[in-house]
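Visitor: Numbering (the working numbering), first residue to last: 2 to 736. By construction, the Cβ of each residue, glycine as well, lies at the ideal position given by its N, Cα and C atoms. Shown below is the structure under consideration.
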Amino acid sequence: MNQYVHHQLLQAMRTAANHSDPAVREAALERMERWQQVIDGMADGTLRIGSRRPLVGLPTWVTPRVVRGGFATGKAAAAIPPAEDERLRAQQLGIKATRQAIFESWLTPEGLAELEVLLETGAYNVGFPEHAVLLSVAALLRHGANDSVRTLLDEVSPLAGSLRFSPYPGAPSPLRPGQVSRWTARQVAGALERARVNPRVAAEREALTVWLPLTDKVVTFWAGIVEAPTFDDARIDEARALVADYDRAARQHTRCRKYRRPGENLPILIDALRQAIDGQGTWPPERVRHALSRIEAKRGLPGSKRSDDLRARQAVTASRPLHAEVAVVVADRVAQLRGDVGLTDFPAASAPISDDEATDVVPAGTPLPASVLRTLRLGFVSDLEELITLGVVPSAEVLASLVPQLTAGQVASSADDPLVGALLAATYRAFRRRRSLLLLDLEQQVRFKELPWVAALQELTAGGPLDDPLVLARQLGSVVLDAFPGTILPNGFIREYSALLDMAQVRLPLTEELAADIFMGRFAPKFQRAAKVAAELLRGSLYERYYGIDYAAVLGLPEPDGHGDVGEFDRMVAGDVPAGRSVAANGQIIERQQILTTHNLAVLVKLGVQPGRSWAELAHHAAGRSFQLLERARNSPWPLSAIKNAAYAWRQAVFFLSITGDDTAANALRDLPGATTWPAVRILDDLTRCLQGKPVTPFTGWTQGPHWVQSTVPETDTPKPVDPSPETQPHIQAG
Numbered sequence: 002m003n004q005y006v007h008h009q010l011l012q013a014m015r016t017a018a019n020h021s022d023p024a025v026r027e028a029a030l031e032r033m034e035r036w037q038q039v040i041d042g043m044a045d046g047t048l049r050i051g052s053r054r055p056l057v058g059l060p061t062w063v064t065p066r067v068v069r070g071g072f073a074t075g076k077a078a079a080a081i082p083p084a085e086d087e088r089l090r091a092q093q094l095g096i097k098a099t100r101q102a103i104f105e106s107w108l109t110p111e112g113l114a115e116l117e118v119l120l121e122t123g124a125y126n127v128g129f130p131e132h133a134v135l136l137s138v139a140a141l142l143r144h145g146a147n148d149s150v151r152t153l154l155d156e157v158s159p160l161a162g163s164l165r166f167s168p169y170p171g172a173p174s175p176l177r178p179g180q181v182s183r184w185t186a187r188q189v190a191g192a193l194e195r196a197r198v199n200p201r202v203a204a205e206r207e208a209l210t211v212w213l214p215l216t217d218k219v220v221t222f223w224a225g226i227v228e229a230p231t232f233d234d235a236r237i238d239e240a241r242a243l244v245a246d247y248d249r250a251a252r253q254h255t256r257c258r259k260y261r262r263p264g265e266n267l268p269i270l271i272d273a274l275r276q277a278i279d280g281q282g283t284w285p286p287e288r289v290r291h292a293l294s295r296i297e298a299k300r301g302l303p304g305s306k307r308s309d310d311l312r313a314r315q316a317v318t319a320s321r322p323l324h325a326e327v328a329v330v331v332a333d334r335v336a337q338l339r340g341d342v343g344l345t346d347f348p349a350a351s352a353p354i355s356d357d358e359a360t361d362v363v364p365a366g367t368p369l370p371a372s373v374l375r376t377l378r379l380g381f382v383s384d385l386e387e388l389i390t391l392g393v394v395p396s397a398e399v400l401a402s403l404v405p406q407l408t409a410g411q412v413a414s415s416a417d418d419p420l421v422g423a424l425l426a427a428t429y430r431a432f433r434r435r436r437s438l439l440l441l442d443l444e445q446q447v448r449f450k451e452l453p454w455v456a457a458l459q460e461l462t463a464g465g466p467l468d469d470p471l472v473l474a475r476q477l478g479s480v481v482l483d484a485f486p487g488t489i490l491p492n493g494f495i496r497e498y499s500a501l502l503d504m505a506q507v508r509l510p511l512t513e514e515l516a517a518d519i520f521m522g523r524f525a526p527k528f529q530r531a532a533k534v535a536a537e538l539l540r541g542s543l544y545e546r547y548y549g550i551d552y553a554a555v556l557g558l559p560e561p562d563g564h565g566d567v568g569e570f571d572r573m574v575a576g577d578v579p580a581g582r583s584v585a586a587n588g589q590i591i592e593r594q595q596i597l598t599t600h601n602l603a604v605l606v607k608l609g610v611q612p613g614r615s616w617a618e619l620a621h622h623a624a625g626r627s628f629q630l631l632e633r634a635r636n637s638p639w640p641l642s643a644i645k646n647a648a649y650a651w652r653q654a655v656f657f658l659s660i661t662g663d664d665t666a667a668n669a670l671r672d673l674p675g676a677t678t679w680p681a682v683r684i685l686d687d688l689t690r691c692l693q694g695k696p697v698t699p700f701t702g703w704t705q706g707p708h709w710v711q712s713t714v715p716e717t718d719t720p721k722p723v724d725p726s727p728e729t730q731p732h733i734q735a736g
């Protein structure tokens, strides 16, 4: 753990010292400071890395600042100096601009009245969950929950001098239920501002605007003198001016190396000018004539129709603004919009440059280039399905990042009072931006309802289970399976899905992907429960046979004792692989657990998720992704990650085939691209042998040595029969 932290600090130091971009160097300096805080906190004991309460002296509900890997820095996210709006408030009220004084000002009758107005208008923004505390006080008082207010203030008041508990100024969301966007307008504007000129395009612009006009001047000079080589003082002065122009261009415009390379036409002609100047008229006529003849043959000399037509076309190209120049103009356009939501009027945001926006280099009427439109599309507001269709959501990980926007709507609908619902939704969105902590010893991340003000507000809600969360959960399950059948559900999606099931009061075990580098050999009780859900669904199936699982033994496991000791389920999963021996060994154990539990697929089926595609189609697409990843692994210097993901995709394909109940559906996989090449052909042959009732070695991703996928193609694509005895068969056995 210490080695990882010091490595991250070293990387930040190198970037801060060596990167060419000042903004990147500045960001690296900030990372350096935060990693140093981690090191200092670990050294002096003020940080408990691996605990759900990492900040010594602060309660669990405080949002910590977290860096890569889930390490808390020792600082609370809401512990910042008074912001501009708070300083202005202090000035208007004639109080000190301190955290404590500002906090107390909100608890006066006048301050509570202000909070009431904010609740009614929705003109607030909750950046961190703590920013909702004072609004929650007002909401509780609104409902006469005075005891809850006293309890809440007793909890938060000790930190009122250091944390911000008031909201930022804001405005109600203009989005309709179900609408989401990948980026906010503020993020889109920032990306456009950082747009960089394509080096090749910039070099072309330099050639068209600097080097070609200069070349034409030099060629015109020599074309007018080569047949009558007389150098008087006027011609010497003209030659000196051309050489000076060339030297200046060579210093200031360095993108095009061609025009400084010896042997190219322009350097030859410039060198001849230098000789003529130094030698008072002596110059190499044959070299000059040869260069001129090459230019004339290629495009014609300046003044000829061929040359003039070419230069006219090039002038049109040169007059077009660079994509980065257009991006800057559009960034200013987007910056005028509300920054905390997506682009609600996409046609206006993506319109050509207007008269008011035009600049010296970007004229009115300029259409937006594809690169700018791609960035704008990241802020497009629509329903999830359309964003997936448009390619705005290219992965399950990105989809997971959008789910909180939908879940927040369900949080809001749980409250009888729409103002309380809106506050809960804003707090939920802020809570879901909270970064996950690195946790050890089976500890769980802090849950939304553990925030004291949230717990108090939820006492005001309807309290009963709602239909909508379950409907949304089934819809999201269908969307993620249809769109990404070959990708396991990412942890972000699982967290949001768990929240939806909690709202619907559905008790089904969802399991996260565990980190192999910190795995300690034990699984939380929910993993065993998930395995039993899979066993009930898949007992006697192709999935059970292919992976060599004994689901009857899984169903017979006793309930875990909950004392943290290694239980029967842990021993069943690990088999003869000792946990902790290496990251690869841990990875093998974690993958075996995923095989047993199906990594949430069985839970989705039990929940009633019905994909839009058939299960056979999902199997087809998942297997196709597996073969694509295997092809990528063959051409990669670091293939193991691709092999692991290919095995995960294949596991999902086998699951989908098993749900179809039709063994013949596997035959269609042979028609997939890459299905006739190694190693896909062996994987498919093994599947066929399994369908015939023969034992096989399943395709898995983790290994402690070289993976067989990396081996050379054997003489026959069909492997020898595998000894089915438990001693040699690397399947998951019952203990």
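1) Curious, which full-length alpha helix (DSSP H) runs of at least 4 residues does the segment 217-289 contain?
2) Three or more C-beta pairs closer than 8 Å, one from the segment 221-232 and one from the segment 255-267: is that the case here?
3) Is the number of C-beta pairs between the segment 67-81 and the segment 147-164 that are closer than 8 Å three or more?
4) Would you tell me roughly how many angstroms separate the C-alpha atoms of residue 551 and residue 395, rounded to the nearest one?
5) How many whole angstroms separate the CB atoms of residue 438 and residue 53, which I take to be in contact at a CB cut-off of 8 Å?
6) Counting along the chain, where does the beta strand (DSSP E) carrying residue 74 start and finish?
7) Determine the DSSP secondary structure at residue 432, reduced to helix, strand or coil.
8) Do the segment 19-27 and the segment 36-55 meet, that is, are 3 or more Cβ pairs less than 8 Å apart?
9) Under 8 Å, with one C-beta from each stretch per pair, do the segment 479-494 and the segment 519-538 reach the 3-pair mark?
10) For a test of the three-state rule: what should DSSP assign to residue 302, helix, strand or coil?
11) Give every residue of the same chain whose Cβ lies closer than 7 Å to the Cβ of residue 402, excluding the five residues on either side of it in the sequence, and list them in chain order.
12) Are the segment 137-157 and the segment 294-301 in contact at 8 Å, needing three or more beta carbon pairs?
13) Quick one: Cα of residue 21 to Cα of residue 485, how far?
14) Quick one: grab the DSSP three-state call for residue 104.
15) Enumerate in chain order the residues of its own chain whose CB-to-CB distance from residue 86 is below 8 Å, with the five nearest sequence positions on each side excluded.
16) By how many angstroms is the C-alpha of residue 201 removed from the C-alpha of residue 257?
17) Please go through the same chain and pick out, in chain order, the residues whose beta-carbon is closer than 6 Å to the beta-carbon of residue 175, but skip the five residues on each side of it.
18) Touching or not, the segment 367-383 and the segment 455-463, by the rule of three or more beta carbon pairs under 8 Å?
19) What residue does the beta strand (DSSP E) around residue 66 start on, and which one ends it?
20) Can you tell which of 57, 59, 514, 9 has the C-alpha that lies nearest to the C-alpha of residue 35?
21) Have a look at the DSSP bridge pairing and note the partners of residue 462.
22) Starting from the Cα of residue 668, find the closest Cα among 646, 691, 199 and give me that residue.
23) How close, in whole Å, do the beta carbons of residue 1 and residue 452 come, if the pair is a contact with beta carbons under 8 Å?
24) Under three-state DSSP, which class holds residue 382?
25) Using DSSP with H/G/I as helix, E/B as strand and the rest coil, what is residue 19?
26) Give a yes or no on whether 8 Å exceeds the smallest Cβ distance from residue 185 to chain D.
27) Whose CA, out of 661, 428, 602, 686, lies closest to the CA of residue 128?
28) Is it right to say residue 505 is buried, meaning 16 or more other beta carbons lie within 10 angstroms of its own, or is it exposed?
29) Give the range of the alpha helix (DSSP H) segment to which residue 641 is assigned.
30) Quick one: measure Cβ to Cβ for residue 374 and residue 381, integer angstroms, because I've assumed they're closer than 8 Å.
31) How far does the alpha helix (DSSP H) with residue 154 in it reach, from first residue to last?
32) Give me the Cα-Cα distance between residue 636 and residue 136, rounded to the nearest whole angstrom.
33) Please tell me whether residue 532 and residue 501 are closer than 8 Å, where the distance is taken between their beta carbons.
34) Applying the criterion that 16 or more other CB atoms from any shown protein chain within 10 Å of the CB defines a buried residue, is residue 19 buried or exposed?
35) Smallest Cα separation from residue 348: which of 167, 378, 339?
36) By Cβ distance below 7 Å, which residues in the same chain neighbour residue 12 in space, the five residues on each side in sequence not counted?
Guide: Reading off the structure:
1) 234-253, 266-279
2) no
3) yes
4) Here residue 551 is taken as the residue at index 550 of the sequence shown, counted from 1. Here residue 395 is taken as the residue at index 394 of the sequence shown, counted from 1. Approximately 37 Å between the Cα atoms of the pair.
5) By 1-based counting over the sequence shown, the position of residue 438 is 437. By 1-based counting over the sequence shown, the position of residue 53 is 52. About 6 Å separates the two Cβ atoms, so the contact holds.
6) Numbered from its first residue, the sequence shown carries residue 74 at position 73. 72-77 is the span of the beta strand (DSSP E), which, as asked, contains residue 74.
7) Reading the sequence shown from its first residue, position 431 is the one you call residue 432. Note: residue 432 maps to helix in three-state DSSP.
8) no
9) no
10) Translated into the one-based positions of the sequence shown, residue 302 becomes position 301. Residue state, collapsed to three classes: coil.
11) Mapped onto the sequence shown, residue 402 falls at position 401. If we look at residue 402 and ignore the five residues flanking it on each side, its Cβ neighbours are 493.
12) no
13) For this step, residue 21 is matched to residue 20 along the sequence shown. For this step, residue 485 is matched to residue 484 along the sequence shown. If I take the Cα positions, the gap works out to 38 Å.
14) The sequence position of residue 104 within the sequence shown is 103, counting from 1. Correct three-state label for residue 104: helix.
15) Position 85 of the sequence shown, counted from the start, is the residue given in the question as residue 86. Same-chain partners within the cutoff: 169, 170.
16) Taking the first residue of the sequence shown as position 1, residue 257 is located at position 256. Taking the first residue of the sequence shown as position 1, residue 201 is located at position 200. Using only the alpha carbons, I get a separation of about 9 Å.
17) Looking up residue 175 in the sequence shown gives position 174. Same-chain partners within the cutoff: 345.
18) no
19) Numbered from 1 along the sequence shown, position 65 holds the residue referred to as residue 66. Taken as a continuous stretch (DSSP letters only), the beta strand (DSSP E) holding residue 66 covers 65-68.
20) Residue 35 sits at position 34 when you count from the first residue of the sequence shown. Of 57, 59, 514, 9, the residue nearest in Cα terms is 9.
21) Taking the sequence shown and counting its residues from 1, the one referred to as residue 462 is at position 461. Bridge partners of residue 462: 416.
22) The residue you call residue 668 lines up with position 667 of the sequence shown. Checking every option, the nearest Cα to that of residue 668 belongs to 691.
23) Only positions 2 to 736 of the chain appear in this structure, which leaves residue 1 out of reach.
24) On the sequence shown, position 381 is the one that residue 382 refers to. Reduced to three states, the DSSP call for residue 382 is coil.
25) Translated into positions along the sequence shown, residue 19 becomes position 18. In the structure shown, residue 19 sits in a helix (DSSP, three-state: H, G or I).
26) The structure shown has no chain D; it contains just one protein chain.
27) Indexing the sequence shown from 1 puts residue 128 at position 127. Taking only the C-alpha atoms, the option nearest residue 128 is 428.
28) The residue you call residue 505 lines up with position 504 of the sequence shown. Under this definition residue 505 is a buried residue.
29) Counting from one through the sequence shown, the residue named residue 641 turns up at place 640. Here the alpha helix (DSSP H) through residue 641 covers 641-661.
30) On the sequence shown, residue 374 is found 373 positions in, with the first residue counted as 1. On the sequence shown, residue 381 is found 380 positions in, with the first residue counted as 1. Between residue 381 and residue 374 the Cβ distance is about 10 Å, and since that is not below 8 Å, they are no contact.
31) If you number the sequence shown from 1, residue 154 lands on position 153. Per DSSP, residue 154 belongs to the alpha helix (DSSP H) from 147-157.
32) Along the sequence shown, one-based indexing puts residue 636 at 635. Along the sequence shown, one-based indexing puts residue 136 at 135. Residue 636 and residue 136: Cα-Cα distance of roughly 56 Å.
33) Working through the sequence shown from its first residue, we reach residue 532 at position 531. Working through the sequence shown from its first residue, we reach residue 501 at position 500. No, the Cβ-Cβ distance between residue 532 and residue 501 is not below 8 Å.
34) Indexing the sequence shown from 1 puts residue 19 at position 18. Residue 19 is exposed by the Cβ-count criterion.
35) In the sequence shown, the residue the question calls residue 348 occupies position 347. The candidate whose alpha carbon is nearest that of residue 348 is 378.
36) Along the sequence shown, one-based indexing puts residue 12 at 11. Nothing meets the Cβ criterion.
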